[in-house]
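Protein chains in written order, with full-length UniProt numbering: chain A, 1 to 307; chain B, 1 to 72.
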């Protein structure tokens, strides 16, 4: 075989090896770039699927016990602050007020009589013993205090009577309303829930690893599960503390730290509160809905090159 | 950004769906490319398939984000 052909084969093999090596390096480079971009997109960008529509819920409870005589609202009704929701049977409290008023009148009459007696005794110091005069003064003071006590009792009875009418503490929507006349309400037990609709917001539970890219005021887009259209908002606040799961016991007790430390750990979630700026027409917000929350940090580029 | 896909009543993370599509596509494309002689120039087929998978995954993600743009 001529040497020129041999040389040609060697050069060809070398060229193929060089091209393969170069191509392999390029392929590995492309692989690393793609993995890096995917990592940034899925692990670094402040995005979470773990978001919820949240509203402040006011559990409306009665301040006085009794039978419901009147239900003035129905389930899911929108109510204004101060609107009557329920009326508890006022009979018992009306009687209590009448009793307090009568008691007060009785004491006032006794006080008037005691004052007259005291005045008379003071005008006849020559014939009335000093001890009797002092007893009369004491009686007047005691009756004055008794009248003040009766006034307080009357006001309390009036307050109880007023509280038989249960009014909406905030404007909002009544939910889970199943009350009917005749049901007995006990003091302090929530009878129905009132959703404070102006407080509707979105809370995104962001992994702690993504939190450094979330800033107060950053624009936010929110996508509700199964709902087309994007809700606009902005980051209102970020929770300043969450519970430490590894440690139990309150401040006054010694720390009880969990000795089990897992090899595989998950990033904790920090609530980020998003104020809603604009809701597209046709989208109904319901507290509890699932939402995907995307924070658009103004400092970070949104295009592919930023990856 | 598209984060969730509705697949037969189940909401899946979009990244998972794109990864499955990219994986299947990369495997099929590798089989197709291996019929041609020039494919040997790309070095080990496994690395090529892996890179193809990552690039397809990235491409699907970027494409979906751009097409179903829900951002600002």
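C-beta atoms are modelled at their ideal positions from N, C-alpha and C, and glycine is treated no differently.
Provide the residue span of the beta strand (DSSP E) that contains residue i, from first to last.
{"i": "residue 231 of chain A", "result": "231–238"}
{"i": "residue 70 of chain A", "result": "66–71"}
{"i": "residue 288 of chain A", "result": "Here residue 288 of chain A belongs to no beta strand (DSSP E), and DSSP marks it neither H nor E."}
{"i": "residue 182 of chain A", "result": "Neither: residue 182 of chain A is in no beta strand (DSSP E) and is coded neither H nor E."}
{"i": "residue 172 of chain A", "result": "172–175"}
Can you tell me which residues form a DSSP beta bridge with residue i?
{"i": "residue 188 of chain A", "result": "Answer is none; residue 188 of chain A lacks a bridge partner."}
{"i": "residue 6 of chain B", "result": "B/11"}
{"i": "residue 203 of chain A", "result": "A/52, A/273"}
{"i": "residue 221 of chain A", "result": "A/232, A/294"}
{"i": "residue 59 of chain A", "result": "A/193"}
{"i": "residue 166 of chain A", "result": "A/86"}
{"i": "residue 21 of chain A", "result": "Bridge partners of residue 21 of chain A: none, in fact."}
{"i": "residue 247 of chain A", "result": "A/257"}
{"i": "residue 78 of chain A", "result": "A/173"}
{"i": "residue 127 of chain A", "result": "DSSP lists no partner for residue 127 of chain A."}
If distances are taken between C-alpha atoms only, which option among the options comes closest to residue i?
{"i": "residue 83 of chain A", "options": "A/270, A/251, A/172", "result": "A/172"}
{"i": "residue 30 of chain A", "options": "B/9, B/47, B/62", "result": "B/47"}
{"i": "residue 197 of chain A", "options": "A/42, A/57, A/253, A/25", "result": "A/57"}
{"i": "residue 39 of chain B", "options": "A/40, A/41, A/270, A/19", "result": "A/19"}
{"i": "residue 163 of chain A", "options": "A/187, A/181, A/177", "result": "A/187"}
{"i": "residue 62 of chain B", "options": "A/64, A/40, A/72, A/13", "result": "A/40"}
{"i": "residue 296 of chain A", "options": "A/212, A/26, A/259", "result": "A/212"}
{"i": "residue 278 of chain A", "options": "A/202, A/169, A/264", "result": "A/202"}
{"i": "residue 292 of chain A", "options": "A/262, A/118, A/233, A/282", "result": "A/233"}
{"i": "residue 100 of chain A", "options": "A/63, A/117, A/116, A/154", "result": "A/154"}
{"i": "residue 85 of chain A", "options": "A/152, A/269, A/170, A/137", "result": "A/170"}
{"i": "residue 49 of chain B", "options": "B/31, B/66, B/65, B/64", "result": "B/31"}
{"i": "residue 88 of chain A", "options": "A/184, A/121, A/122", "result": "A/184"}
If you follow the alpha helix (DSSP H) that residue i is part of, which residue opens it and which one closes it?
{"i": "residue 278 of chain A", "result": "Unbroken run through residue 278 of chain A is the beta strand (DSSP E), 269–278; no alpha helix (DSSP H)."}
{"i": "residue 66 of chain B", "result": "45–67"}
{"i": "residue 99 of chain A", "result": "91–123"}
To the nearest angstrom, report how far apart residue i and residue j are at their CA atoms.
{"i": "residue 113 of chain A", "j": "residue 139 of chain A", "result": "10 angstroms"}
{"i": "residue 2 of chain B", "j": "residue 14 of chain B", "result": "7 angstroms"}
{"i": "residue 230 of chain A", "j": "residue 52 of chain B", "result": "33 angstroms"}
{"i": "residue 368 of chain A", "j": "residue 78 of chain A", "result": "Nothing about residue 368 of chain A can be read from this structure; chain A reaches only from 1 to 307."}
{"i": "residue 70 of chain A", "j": "residue 92 of chain A", "result": "16 angstroms"}
{"i": "residue 227 of chain A", "j": "residue 73 of chain A", "result": "30 angstroms"}
{"i": "residue 182 of chain A", "j": "residue 60 of chain A", "result": "18 angstroms"}
{"i": "residue 205 of chain A", "j": "residue 294 of chain A", "result": "11 angstroms"}
{"i": "residue 141 of chain A", "j": "residue 160 of chain A", "result": "29 angstroms"}
{"i": "residue 95 of chain A", "j": "residue 157 of chain A", "result": "9 angstroms"}
{"i": "residue 22 of chain A", "j": "residue 280 of chain A", "result": "52 angstroms"}
{"i": "residue 272 of chain A", "j": "residue 26 of chain A", "result": "42 angstroms"}
{"i": "residue 43 of chain B", "j": "residue 208 of chain A", "result": "41 angstroms"}
{"i": "residue 28 of chain B", "j": "residue 270 of chain A", "result": "42 angstroms"}
{"i": "residue 216 of chain A", "j": "residue 236 of chain A", "result": "6 angstroms"}
{"i": "residue 249 of chain A", "j": "residue 274 of chain A", "result": "32 angstroms"}
{"i": "residue 65 of chain B", "j": "residue 45 of chain B", "result": "30 angstroms"}
{"i": "residue 10 of chain B", "j": "residue 224 of chain A", "result": "15 angstroms"}
{"i": "residue 239 of chain A", "j": "residue 179 of chain A", "result": "36 angstroms"}
{"i": "residue 265 of chain A", "j": "residue 254 of chain A", "result": "26 angstroms"}
{"i": "residue 9 of chain A", "j": "residue 18 of chain B", "result": "45 angstroms"}
I'd like to know if the region 216–232 of chain A and the region 178–194 of chain A are in contact, where contact means that at least 3 CB-CB pairs between them fall below 8 angstroms. No, the region 216–232 of chain A is not in contact with the region 178–194 of chain A.
With three or more beta-carbon pairs closer than 8 angstroms as the criterion, would you say the region 137–153 of chain A touches the region 105–112 of chain A? Taking 8 angstroms as the limit for Cβ pairs, the verdict is that the region 105–112 of chain A does touch the region 137–153 of chain A.
Does the pairing of the region 280–289 of chain A with the region 47–63 of chain A give three or more beta-carbon distances under 8 angstroms? yes
When you compare the region 23–41 of chain B with the region 53–62 of chain B, are there three or more beta-carbon pairs, one atom per stretch, that lie closer than 8 angstroms? yes
Three-pair Cβ contact test at 8 angstroms for the region 26–38 of chain B versus the region 9–16 of chain A: no
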